[in-house]
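Asker: Just passing along the structure, written as structure tokens.
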Amino acid sequence: MTSIAAPVRRRKILLLPYLLSLPALLVCIGILIPFVTAVYYSMLRYRLNLPYLKGFIWFGNYKEFLTDSEFWNTVRVSLEYTALTVGSELLLGLVIALLLQKQSRFNNMASILLLLPLMTAPALASLMWKLMTNPNFGVLSYLVQLMGVHNFQWASSPNSALFTVVLVDVWVYTPFIMILLLAGLRSLPTQPFEAAALDGVPRRFVFFRITLPMLTPYIITAALFRLLDAIQQFDIIYPMTQGGPGDTLLVFQVRAYLEFYQYTNVGKSAALLMILWAITYALSNVFIKQWLKLRERARGLA
Amino acid sequence: MEHSSRAERVLRGVLITAILVFFLFPILWIFLMSFQTNEEVLRIPPSLFFKPTLINYASLITGKLQTAAGSLDLAFMLNLWNSVLLSTLSVALSLLLGVPAAYAFARFKFRGSEDIAFTLLSFRFAPPLLVLLPLSLYFQDIGLNDTYVGLIWVYQLIALPLILWIVRGYFEDISPDIEYAYRIAGHSWLQTFLRIAVPLARPGIAAAGLLAFIFCWNNFVFALILASADKQPVTVGALAFVTASGIQYGQIAAAIVLSITPTLALALYAQRYLVEGLSLGAVKG
Amino acid sequence: MAQIELKSLSKAFKTGKVLDGLDLSVEEGEIVCIFGPSGAGKTVLLRLIAGVEEPDAGAIFLEGRDATDAAPERRGIGIAFQNFALFPHMSAFDNIASALTAHGATVATIKAKVDKVAAMLKISHVLNHEPRALSNGQKQRTALARALAADPKIVLLDDPLRNVDAKLRYEMRLELPSLLRASDATVLYVTQDYKEAMAIGDRIAVLIDGRFEQVATPASIYRAPVSVGVARLFGDPTINLIPVNPQAGGDGLSCEISGAKVGLGAAQVEGAGRSMLLGLRPESLVVNDDAGLGGFPVDVVAVTPLNEKSVLLMRTRDGQEIFASEAGVENEERKPGPAFARFDPARALMFDEASGACIGSRP
């Protein structure tokens, strides 16, 4: 009655999953090396045009930010951009999802067509809107003028630049929220709504006490998804205005990009990105938990 | 909602129409603009009626762009070719790497598996420039800067997490007994993977591949940093139009139309899977 | 030579020990039913033998060779899963052929063998269908055909009748033993249905809480279960267990049931003076109005006709409910009310109340 072990085969079975996931693992390492480098750079005084000044300064770059009004401007603009885009996209997305909730040929067609902006590259979308808001021939400039607003400068004026890029962001990304919430709405159980309809419960009450609470996990997931993207905005703002006019639209990544290429200040650029990373890391932890919960649930339903 | 009043139905109709106009008008307008001569584009007031011309597309294809200052060489077709090449090869590589890994994550609960999967996922949400800027310096050192190989490698950052997390869900939905039955019938692990697991997860693999293609195609910042003009995809290449002075607007519109058509067509084709893919499998469509 | 031999096989999961030192030896051509309540570890045992799970300790010998660590595809086993586990993207033909293609058979041989096994299982007409177009019964037969197609020496069947309807289950229960015997294979058959186990198995291995409580022929398990646990699993209605405190006397052991003194026969003397459970199969109870020797008073509470027999629910004076079943339906005038029950002491079972072990030897 001895137990016989054949270690060779067992080891083979254990190795297989590592072998299979090795490529994915290598890509991970491929990300982690530049990431660690970025952490290191962020503690350097490192300007490509002044190489002899290079030196380790611990948290010097970060400390400078505390009193740097440009930095605080970046924080403010990024937060404003994020709040405005995610807020309006959530509201608009929810409205559209509710309008299209009922399964019908028209509604399904509309929801598919509404996906097209989302599938447009944001950088190209920003060019499209640039053409439409051109002061000489842009159709939107013309329409605004028809409505009696003269001299509306869109992205070229500090007063309306933020509005313009937020508008493009809303155009591109609202469909994302819409499609998630629509899928969420359509997966809700029907009994509570039927019961409420039988009892003659007012619709406002149904919406706030049944629909909204049941939809909350989807809303949170969609909002966090967008939050994570919006705080890192680059694809729309950079092609549209390169962060201008002036410093109106210098959000984190645009400023980091300019610090790196325009001012060749590698250390400062890296420190800026580290701060952005810290924000997204915290957010993504919350997000991933929420996302996993929803994923489990979706797989339970299927 | 069953007993909606007439006023409410009208209101709904108006709202949905307004929404459709807002989201579809830009695409339509650029499409129309791409068939207009410069004079027609510049006409005030803008008009929906004009005589369509293919001159913009023709000059894009020949690479000779008419500007106010004369003729300008702009190899937009090369950008388009780069987009096709980069997206296709990136997704192909990503499927090759990602599908077996997804299978490993789905079937074997091995030490570190969740950590690897989550590292990939969390970097999907990290600022791309954080990794790209140091990487561009490394790439210059090892000669990968401005090469297709380097770009395709970096594009794995976009495609791999997507494929890994979507396909993994599909593998997990296959009953392990089905695979065991095939193995006990006398087939090796690899045969079982290729003839049972992969065919059964094919809808998920196709969906993830299509979406990864769309995301690679639409990416802007990776190529902006790591590629120069002759390796740039359309998203970066189109920027050159804006900076070039005196360029004809119809040509920009035509370039945009050519650039967004492939992804829009794919999206319409794959719309069934979009919800699941966009939410990385968190929401079933 | 034993075809399947398990030596102190153990397996634990995070939730606890599932199989605990199993020993079993199955002869060539034998059909052994692994029977036990759900959660006893029956399926895990089959998975260990098939090689899709690895044992923590112990060894598995198949056809005389140590197969403990062999890959599943090298064990030469045919298996049918409880949930059928058909390949959804292949036709029934390809499903059945899957075991043959692996071994490089020619197209003609494959066709011949599939046709043969399909004819035997009466599914020749659906071979072109994909699993989703098959009825549950056809799926079940396809799974069975797949397990048998390659003429494996060893066949493992994991509760194959569980997911089919009652009628089909009844038919298959009659059909399977001859089918399996025709294949010459050594069969391990997992089931939770004691009738199925008794109808199909040459022997039954009763698995309770990860251990084999008893391995024996169906008849001897029914007649002489080694413990209360085993006795309870066989029979419908289940065995009556009456707590008694037997005393030795002139004419052997006797005890008090329902206020009456009942003789337990001369053979059983071991249980004297201890708390025991008297095990009475419902069919060994005779119920009538005769208060004569060995009868104890009961109240018949309900009479339920059940196919060819009637089941009587009765209550003793001590308030315990016991069942009796009477063959035939001739007793149609049987009405609820007071009566007397008696039994043949030779057919009674005695269990130690503390350990549950059966006391006294049985032929």
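Chains as they are written, first to last, in my numbering: chain A, 219 to 520; chain B, 655 to 939; chain C, 11 to 373.
Just so it is clear, CB atoms sit at the ideal spot from N, CA and C, and this is done for glycine as well.
1) Does the beta-carbon distance from Pro887(B) to Ser688(B) come in below 7 Å?
2) When you compare the CB of Arg837(B) with every CB in chain C, is at least one pair closer than 7 Å?
3) Hey, Leu784(B) and Trp495(A) are a contact pair by Cβ (cut 8 Å); roughly how many whole angstroms apart?
4) Measure from the alpha carbon of Lys149(C) to the alpha carbon of each residue in Gln92(C), Tyr199(C) and Lys271(C), then state which is nearest.
5) Within 10 angstroms of the Cβ of Gln480(A), are there 16 or more other Cβ atoms? Answer buried if so, exposed if not.
6) Within the 7 Å Cβ cut-off, does Gly902(B) reach chain A?
7) Is Asp169(C) closer than 7 Å to Thr201(C) when the C-beta atoms are compared?
8) Going along the chain, which residues of its own chain have a beta-carbon closer than 7 Å to the beta-carbon of Gly366(C), five neighbours each way excluded?
9) In three-state DSSP terms, what is Gly305(C)?
10) Less than 7 Å between the C-beta atoms of Asp428(A) and Pro407(A), yes or no?
11) Tell me which residues share the same chain as Ser221(A) and place their Cβ nearer than 6 Å to its Cβ, disregarding the 5 neighbours each side in the sequence.
12) Which residues of chain A have a Cβ atom closer than 8 Å to the Cβ of Ile709(B), listed in chain order?
13) Report the rounded CA-to-CA distance for Thr111(C) versus Val821(B), giving the unit in angstroms.
14) Using Cβ-Cβ distances below 9 Å, what residues of the region 848-863 of chain B are close to chain C?
15) Do you know how far the Cα of Pro228(C) is from the Cα of Gly46(C)?
16) For Trp735(B) and chain A, any beta-carbon pair shorter than 7 Å?
17) At 7 Å on the CB atoms, spell out the chain A contacts of Phe876(B), in chain order.
18) Looking at chain B, which residues of the region 107-131 of chain C have a Cβ within less than 7 Å of any of its Cβ atoms?
19) Quick one, are the C-beta atoms of Ile817(B) and Ala881(B) less than 7 Å apart?
20) So, does the region 311-319 of chain C touch the region 351-365 of chain C, judging by three or more C-beta pairs under 8 Å?
21) How should Asn872(B) be labelled, buried or exposed, when 16 other C-beta atoms within 10 angstroms of its C-beta is the threshold for buried?
22) Quick one: what does DSSP say Arg926(B) is sitting in, helix, strand or coil?
23) Using only the alpha-carbon positions, how far apart do Gly293(C) and Cys368(C) sit?
24) In angstroms, rounded to a whole number, what distance separates the CA positions of Ala940(B) and Leu934(B)?
25) Could you confirm whether any beta carbon from chain B is found closer than 7 Å to the beta carbon of Ala441(A)?
26) Report yes if the CB atom of Pro162(C) is closer than 7 Å to the CB atom of Leu96(C), and no otherwise.
27) Closer than 7 Å, CB to CB, is Arg513(A) near chain B or not?
28) Which residue's Cα is closest to the Cα of Ala379(A): Gly461(A), Val367(A) and Met365(A)?
29) So, does the CB of Tyr834(B) fall closer than 7 Å to a CB anywhere in chain C?
30) For Asn483(A), which beta-bridge partners are listed by DSSP?
31) Can Ile838(B) and Ala69(C) be called in contact, C-beta distance under 7 Å?
32) Drop a sphere of 10 angstroms on the beta-carbon of Gly366(A), count the other beta-carbons inside from all chains shown, and report buried for 16 or more, exposed for fewer.
33) Is the region 839-848 of chain B close to the region 769-780 of chain B, with three or more CB pairs under 8 Å?
34) Determine the chain A residues that contact Leu696(B) at a beta-carbon separation under 9 Å, and present them in chain order.
35) Would Tyr299(A) and Gln508(A) be called neighbours here (beta carbons separated by less than 7 Å)?
36) Once you ignore the five residues that flank Gly273(A) on each side, which residues in its own chain have a CB closer than 6 Å to its CB?
Answerer: Let me lay it out:
1) Along the second sequence, one-based indexing puts residue 887(B) at 233. Along the second sequence, one-based indexing puts residue 688(B) at 34. The Cβ-Cβ distance between Pro887(B) and Ser688(B) does not fall below 7 Å.
2) Translated into positions along the second sequence, residue 837(B) becomes position 183. Chain C, which has a Cβ nearer than 7 Å to the Cβ of Arg837(B), makes this yes.
3) Taking the second sequence and counting its residues from 1, the one referred to as residue 784(B) is at position 130. Taking the first sequence and counting its residues from 1, the one referred to as residue 495(A) is at position 277. 5 Å between Cβ atoms; contact.
4) Locating residue 149(C) in the third sequence gives position 139, counting from the first residue. Ranking the options by Cα distance to Lys149(C), first place goes to Gln92(C).
5) Locating residue 480(A) in the first sequence gives position 262, where the first residue counts as 1. Its Cβ having fewer than 16 others within 10 Å, Gln480(A) is exposed.
6) Translated into positions along the second sequence, residue 902(B) becomes position 248. The residue you asked about is not Gly; residue 902(B) is Gln in the sequence shown. Taking Cβ atoms only, chain A never reaches closer than 7 Å to Gln902(B), which makes this a no.
7) What you label residue 201(C) is simply residue 191 of the third sequence in a count that begins at 1. What you label residue 169(C) is simply residue 159 of the third sequence in a count that begins at 1. Note that the C-beta distance between Thr201(C) and Asp169(C) is below 7 Å.
8) Numbered from its first residue, the third sequence carries residue 366(C) at position 356. Taking Gly366(C) as the centre and dropping the five residues before and after it, the same chain places the C-beta of Ser237, Val238 and Gly239 closer than 7 Å to its C-beta, in chain order.
9) Sequence index remark: in the third sequence, residue 305(C) carries index 295 (1-based). Gly305(C) falls in the coil class under three-state DSSP.
10) Working through the first sequence from its first residue, we reach residue 428(A) at position 210. Working through the first sequence from its first residue, we reach residue 407(A) at position 189. Here residue 428(A) turns out to be Ile, not Asp, going by the sequence shown. Going by C-beta atoms, Ile428(A) is not nearer than 7 Å to Pro407(A).
11) Locating residue 221(A) in the first sequence gives position 3, counting from the first residue. Any reading at Ser221(A) must be qualified, since the residue scores a pLDDT of 39, below 50, and its modelled position is unreliable; no value is offered.
12) In the second sequence, the residue the question calls residue 709(B) occupies position 55. Close partners of Ile709(B) in chain A (Cβ separation under 8 Å) are lacking, with about 17 Å as the shortest Cβ gap.
13) In the third sequence, counting from the first residue as 1, residue 111(C) sits at position 101. In the second sequence, counting from the first residue as 1, residue 821(B) sits at position 167. Take the alpha-carbon of Thr111(C) and the one of Val821(B): they are about 28 Å apart.
14) Residues Arg849, Ile850, Pro853, Leu854 and Arg856.
15) Translated into the one-based positions of the third sequence, residue 46(C) becomes position 36. Translated into the one-based positions of the third sequence, residue 228(C) becomes position 218. Going by the C-alpha atoms only, they are around 13 Å apart.
16) For this step, residue 735(B) is matched to residue 81 along the second sequence. No, its Cβ sits nowhere closer than 7 Å to a Cβ of chain A.
17) Taking the second sequence and counting its residues from 1, one reaches residue 876(B) at position 222. Neighbours of Phe876(B) on chain A: none; closest Cβ ~11 Å, over 7 Å.
18) Only those residues of the region 107-131 of chain C whose C-beta falls short of 7 Å from the nearest C-beta of chain B are listed: Ser108, Ala109, Ala112 and His113.
19) Residue 817(B) sits at position 163 when you count from the first residue of the second sequence. Residue 881(B) sits at position 227 when you count from the first residue of the second sequence. No, the Cβ-Cβ distance between Ile817(B) and Ala881(B) is not below 7 Å.
20) Put simply, the region 311-319 of chain C does not touch the region 351-365 of chain C. Fewer than three CB pairs are less than 8 Å apart.
21) Residue 872(B) sits at position 218 when you count from the first residue of the second sequence. Counting Cβ neighbours within 10 Å, Asn872(B) comes out buried, since at least 16 surround it.
22) Along the second sequence, one-based indexing puts residue 926(B) at 272. If DSSP states are grouped into helix, strand and coil, Arg926(B) belongs with the helices.
23) Stepping through the third sequence from its first residue, residue 293(C) is reached at position 283. Stepping through the third sequence from its first residue, residue 368(C) is reached at position 358. The question names Gly, but residue 293(C) is Glu in the sequence shown. Near 19 Å, if we compare the C-alpha coordinates of Cys368(C) and Glu293(C).
24) Because chain B is modelled from 655 through 939, residue 940(B) falls outside the range shown and cannot be assessed.
25) Against the first sequence, residue 441(A) aligns to sequence position 223. Using a CB distance cut-off of 7 Å, Ala441(A) does not count as an interface residue toward chain B.
26) For the purposes of this step, residue 162(C) is identified with residue 152 of the third sequence, where counting begins at 1. For the purposes of this step, residue 96(C) is identified with residue 86 of the third sequence, where counting begins at 1. No. Outside cutoff.
27) Numbered from its first residue, the first sequence carries residue 513(A) at position 295. Cβ-Cβ to chain B under 7 Å: yes for Arg513(A).
28) Looking up residue 379(A) in the first sequence gives position 161. The closest CA to that of Ala379(A), considering only Gly461(A), Val367(A) and Met365(A), is found on Gly461(A).
29) Here the question's residue 834(B) lines up with position 180 in the second sequence. True, the Cβ-Cβ gap to chain C drops below 7 Å.
30) Position 265 of the first sequence, counting from 1, holds the residue named residue 483(A). In DSSP, Asn483(A) forms a bridge with Arg265(A).
31) By 1-based counting over the second sequence, the position of residue 838(B) is 184. By 1-based counting over the third sequence, the position of residue 69(C) is 59. The answer is no: Cβ separation not under 7 Å.
32) The sequence position of residue 366(A) within the first sequence is 148, counting from 1. Under this definition Gly366(A) is an exposed residue.
33) Contact between the region 839-848 of chain B and the region 769-780 of chain B is absent, because fewer than three Cβ pairs lie under 8 Å.
34) Looking up residue 696(B) in the second sequence gives position 42. Under the 9 Å cutoff, chain A gives Asn354 and Phe355.
35) As a working mapping, residue 299(A) is identified with position 81 in the first sequence. As a working mapping, residue 508(A) is identified with position 290 in the first sequence. With contacts defined by Cβ atoms closer than 7 Å, Tyr299(A) and Gln508(A) do not form a contacting pair.
36) For this step, residue 273(A) is matched to residue 55 along the first sequence. These residues qualify, in order along the chain: Arg263.
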